[in-house]
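Presented below is the structure to which this report refers.
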Amino acid sequence: MATASELDNKDRSSLGGAAKLAMAVAFLVGLASWYYAVEIRPPPPTPCGSEGGPPVTAPRIRLRDGRFLAYSETGVPRERAAYKIVHCHGFGSSRLDNPRASPVSEKP
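Residue numbers (the UniProt record's numbering): 1 to 108.
Right under this line is the structure:
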């Protein structure tokens, strides 16, 4: 029959093995995350109009924080327009969406 001290030693040794395994797994996860953060890097960004980047294909304005906002104009020329309507779109659409309900009739 086993004594209480022998049972205590058995419990401690099994706990020690589990703790060592947990520490080894934690170390490997930490090592993998460090490698992912340090070694695997995305390529540098190539903004529109820069060397090696895509060309600028639309008129755009520069915002105060340095970003650009591209826009598209439709309808009558800007000089003849009686009203200015700004159509803001969400992430699911683009500047090329045209919300015009009916064609504009030309007046002589």
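Don't be surprised by glycine CBs; every beta carbon is placed ideally from N, CA and C.
Can you give me the C-alpha to C-alpha distance between residue i and residue j, rounded to a whole angstrom?
i, j, result
"A19", "V25", "10 Å"
"F91", "P44", "24 Å"
"C88", "G75", "16 Å"
"P77", "A37", "51 Å"
"residue 186", "Y71", "Summary: the structure shown does not reach residue 186, with the chain confined to residues 1 through 108, and so no result is reported for it."
"M23", "S94", "50 Å"
"E51", "G16", "59 Å"
Flag this pair as yes or no: are the beta carbons of residue i and residue j separated by less than 8 Å?
i, j, result
"F68", "R60", "yes"
"C48", "P42", "no"
Along the chain, where does the beta strand (DSSP E) that runs through residue i open and close?
i, result
"R62", "R60 to R62"
"L96", "Careful: L96 lies outside any beta strand (DSSP E) and carries neither H nor E."
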